[in-house]
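>
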């Protein structure tokens, strides 16, 4: 668990890298023609985001290269063989993939708010949102192809990016299918979030190892760090959806409940005999009241479902940190461990 | 121009490769879990398609390697350096990208029929169609990453695939924008179809050159062969939309007119003073009568707009064939030239 001092340190590490990542997004994804397409493509990226995944890319690179965080230019980052790669571009690539999935997911889930602003399909229209997502998809691959890595490593990074995207699609398909399915086991839910959410953290952590030419053992361990901490991140997201006020969430609190999204919390509650389907009457997030959400959350809390989810997230986080032992013992590695803690202690 | 004998030869060359490509699609894109996602992803691929782009991949490879068409296993195809690559997998990758664009375009264009069957968003639903397209997108990259090419060549093929997809998105965005824009110049239209349609033919022709390790001059010439013949293909598609009966088209004849899609034909007619917007009253393809389409086409024919488009397609085709002169003079090269002719003489 983090205390205030370590949380401040993590947030500072994320903030420092976020500024560089934001500047790099502007460079890597310029407002090209057709302008409306690129405006729509950049819209969610410009609406904010903590840049956690790019931070993982950069920190993992720093730990592998055993350099002091922030001491080396991410655009010409030293590899094991002595050449350099553009690690910042790889970090942006991962963030751009994340944005593509948000845009398409919001269409599929009919979520009209994202990061406190209208989703792309609301701010523009569904066609533009589909196409903006498709554009981000390929530009992310273009970026990952141009990191100046040794070709074998560059190709392997591309392969990982592609298989990661396939898994994300599979996870989203499972998530959608769960909404209209009978009993779902917690393990099925965990498999779904691993595919839908955690594999991109896995790719964020493993890609720098691939690009820098680290041993397979390091690639695998970092991938598993990302999978475990990314799964914990998603469970925390589910908890936050229920416990954080709407204005901080940037969307309606409890919208998962309104939209009948199953989470580890609702699955546990069902096992405790709670009639989850009757917890809220509203059928769309704009129709629900805070009182209704508060009452539903109380019931989930009373049967221990929120505690259950938190404990599962903590267990995954502890496991994620053990994977880091393969890295040199340095500040970047410690920050990666603290970041894993932060993913499940963050309040928004 | 083709005569009946050369057309029969081209169709035979396409048919032979289509069988191999179809078998390879089954192998490369198995019905994995979640099954409904993969069913939807394979749906358009299984609904037919001539496999013209994969045929271009395979023929270009055979011409570069200077082997008799069909004499060498496409799965272990000889490169310039003596190693082998899986050219069939690269061919499938290009076809899978084509399928992804069809699925997403049909959502955006609200086209409900494709290859004579309901479009994916009709046969399933819009969310599934978005996700099926996204899945094909990444699996195409996974396939292209696994051709066993020299890593530098493999990475370059991935780079071309990514930039091709970005251009296709840009072209689709321009196409959509044209529907609600004022005067469009023929050159703007040609730029749009180059992006939307021709670049994938360019990638189909250039990718084997990249994977086999051919000289840059060969890569460039084949790319331009694909761009020119692919542009001509799209112009012919626009002509066919107006001139071929619905049952042969697999969708309503004249649907471009109904949907206010600008083509080289309508742009030319506007320049001749035709009030294109008043040619048909119906606003959706299911509402239009054949008589209404026939009358509209007569007017377009009378002012020479269909002849104009045909001549432009012929000019592009002649130029495309000249790019092939960089290849060894062999049967595969002759078939590529005949295929370019076929693309603008085909009746469906």
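Residue numbers (the numbering used here), protein chains in the order written: chain A, 1053 to 1400; chain B, 1053 to 1400. Ideal placement from N, C-alpha and C gives every residue a C-beta, glycine not left out.
I'd like to confirm something about residue 1287(B): is its beta-carbon nearer than 7 Å to some heavy atom of the ligand MG, or not?
The ligand content of the structure shown is nil, which means the ligand MG is not present either.
> With a threshold of 6 Å on Cβ separation, who are the neighbours of residue 1401(A) within its own chain once the five nearest residues in sequence on each side are excluded?
Residue 1401(A) falls outside the range modelled here, since chain A spans only 1053 to 1400, and no answer is possible.
> Considering only the alpha carbon of each residue, which of 1338(B), 1313(B), 1366(B) lies closest to residue 1328(B)?
Taking the second chain and counting its residues from 1, one reaches residue 1328(B) at position 276. Cα-wise, what sits closest to residue 1328(B) is 1313(B).
> So who's on the other strand from residue 1165(B), going by DSSP bridges?
Start at 1 with the first residue of the second chain, and residue 1165(B) comes out as number 113. Bridge partners of residue 1165(B): 1170(B).
> Between which two residues does the alpha helix (DSSP H) holding residue 1185(A) run?
Counting from one through the first chain, the residue named residue 1185(A) turns up at place 133. Residues 1178-1197.
> Does residue 1229(A) have its Cβ less than 8 Å from a Cβ in chain B?
Taking the first residue of the first chain as 1, we reach residue 1229(A) at position 177. Answer yes: the Cβ-Cβ gap between residue 1229(A) and chain B drops below 8 Å somewhere.
> Considering Cα atoms alone, identify which of 1391(A), 1209(A), 1221(A) is closest to residue 1259(A).
Here residue 1259(A) corresponds to residue number 207 of the first chain, with the count starting at 1. For residue 1259(A), the nearest C-alpha among the options comes from 1209(A).
> Please give the ranges of any alpha helix (DSSP H) in the stretch 1325-1364 of chain B, keeping only runs that are unbroken, at least 4 residues long and fully inside the region.
The qualifying runs are 1342-1354.
> Going by alpha carbons, who is nearest to residue 1214(A) out of 1335(B), 1196(B), 1153(B)?
Numbered from its first residue, the first chain carries residue 1214(A) at position 162. Looking at the Cα atoms, 1196(B) is the closest of the given residues.
> So, with DSSP's three-state summary, where would you put residue 1315(A)?
Reading the first chain from its first residue, position 263 is the one you call residue 1315(A). Here residue 1315(A) sits in coil by DSSP.
> Listing by chain order, which chain E residues have their CB less than 9 Å from the CB of residue 1203(A)?
Structure shown: chain E not included; protein chains present are A and B.
> Is residue 1144(B) helix, strand or coil by DSSP?
For the purposes of this step, residue 1144(B) is taken as the residue at position 92 of the second chain. Three-state result, residue 1144(B): helix.
> Quick one, are the C-beta atoms of residue 1205(B) and residue 1263(B) less than 8 Å apart?
By 1-based counting over the second chain, the position of residue 1205(B) is 153. By 1-based counting over the second chain, the position of residue 1263(B) is 211. Yes, they are a contact pair.
> Taking the straight line between their C-alpha atoms, what separation do you get for residue 1120(B) and residue 1273(B)?
Along the second chain, read from residue 1 onward, the residue named residue 1120(B) stands at position 68. Along the second chain, read from residue 1 onward, the residue named residue 1273(B) stands at position 221. Distance between the alpha carbons of residue 1120(B) and residue 1273(B) is about 21 Å.
> Check whether the stretch 1120-1131 of chain B touches the stretch 1216-1225 of chain B, taking contact to mean three or more Cβ pairs, one atom from each stretch, closer than 8 Å.
no
> Using a Cβ-Cβ cutoff of 7 Å, what residues of the stretch 1171-1191 of chain A are near chain B? List them in chain order.
1179, 1182, 1183, 1186, 1187, 1189, 1190, 1191
> Establish whether the CB of residue 1215(A) and some CB of chain B are separated by less than 8 Å.
Taking the first residue of the first chain as position 1, residue 1215(A) is located at position 163. It does; some Cβ of chain B falls within 8 Å.
> Ends of the alpha helix (DSSP H) at residue 1219(B)?
In the second chain, the residue the question calls residue 1219(B) occupies position 167. Note, residue 1219(B): alpha helix (DSSP H), 1203-1230.
> For residue 1145(B), which residues of its own chain have a beta-carbon under 6 Å away from its beta-carbon, when the five flanking residues on both sides are left out?
Taking the first residue of the second chain as 1, we reach residue 1145(B) at position 93. Cβ within range, chain order: 1192, 1195, 1196.
> Quick one: is residue 1245(A) buried, meaning 16 or more other Cβ sit within 10 Å of its Cβ, or exposed?
Taking the first residue of the first chain as position 1, residue 1245(A) is located at position 193. Buried: at least 16 other Cβ atoms inside 10 Å.
> Using a Cβ cut-off of 8 Å, pull out every chain A residue sitting near residue 1194(B), in sequence order please.
As a working note, residue 1194(B) is residue 142 in the second chain. By Cβ distance, chain A contributes 1211, 1214, 1215, 1218.
> Are there 16 or more other CB atoms within 10 angstroms of the CB of residue 1338(B), so buried, or fewer, so exposed?
If you number the second chain from 1, residue 1338(B) lands on position 286. Classification of residue 1338(B): exposed, given that the 10 Å Cβ count is below 16.
> Once the 5 residues before and after residue 1251(B) are set aside, which same chain residues still bring their CB inside 6 Å of it?
Locating residue 1251(B) in the second chain gives position 199, counting from the first residue. Taken in chain order, the residues that qualify are 1216, 1219.
> Which bits of chain B does residue 1226(A) rub up against, with CB to CB less than 7 Å?
Indexing the first chain from 1 puts residue 1226(A) at position 174. 1086, listed in chain order.
> Please classify residue 1341(B) as buried or exposed, where buried requires at least 16 other C-beta atoms within 10 Å of its C-beta.
Against the second chain, residue 1341(B) aligns to sequence position 289. Using a 10 angstroms sphere on the CB of residue 1341(B), the tally of other CB atoms stays under 16, which defines it as exposed.
> Which residue's Cα is closest to the Cα of residue 1261(A): 1085(A), 1095(A), 1073(A), 1111(A)?
Within the first chain, numbered from 1, the residue matching residue 1261(A) stands at position 209. Residue 1111(A) holds the alpha-carbon nearest to the alpha-carbon of residue 1261(A) among 1085(A), 1095(A), 1073(A), 1111(A).
> Using a Cβ cut-off of 8 Å (strictly closer), state whether residue 1250(B) contacts chain A.
As a working mapping, residue 1250(B) is identified with position 198 in the second chain. No - not a single Cβ of chain A is within 8 Å of the one on residue 1250(B).
> Measure the alpha-carbon distance for residue 1401(A) versus residue 1229(B) and round it to whole angstroms.
This structure gives no information on residue 1401(A), because the portion of chain A shown stretches from 1053 to 1400.
> Report the residue ranges of all beta strand (DSSP E) runs contained in full by the stretch 1076-1116 of chain B; include only those spanning at least 3 residues, in chain order.
none
> Whose Cβ in chain A lies nearer than 7 Å to the Cβ of residue 1222(B)?
The residue you call residue 1222(B) lines up with position 170 of the second chain. In chain order: 1086, 1089.
> Per DSSP, what kind of secondary structure is residue 1119(A) in: helix, strand or coil?
Along the first chain, read from residue 1 onward, the residue named residue 1119(A) stands at position 67. It is coil, neither helix nor strand.
> Counting pairs of Cβ atoms below 8 Å between the stretch 1080-1093 of chain A and the stretch 1344-1358 of chain A, do you hit three or more?
no
> Excluding sequence positions up to five away, which residues of its chain have a Cβ less than 8 Å from the Cβ of residue 1330(B)?
The residue you call residue 1330(B) lines up with position 278 of the second chain. Nothing meets the Cβ criterion.
> Quick one: grab the DSSP three-state call for residue 1296(B).
Working through the second chain from its first residue, we reach residue 1296(B) at position 244. Correct three-state label for residue 1296(B): coil.
> Residue 1393(A): buried (16+ other C-beta within 10 angstroms of its C-beta) or exposed?
In the first chain, the residue the question calls residue 1393(A) occupies position 341. It is buried - the Cβ of residue 1393(A) has at least 16 other Cβ atoms within 10 Å.
> Confirm, please, whether the CB-CB distance from residue 1198(B) to residue 1133(B) is below 8 Å.
As a position in the second chain, residue 1133(B) is number 81, starting the count at 1. As a position in the second chain, residue 1198(B) is number 146, starting the count at 1. Taking a C-beta distance under 8 Å as the contact criterion, residue 1133(B) and residue 1198(B) do not qualify as a contact pair.
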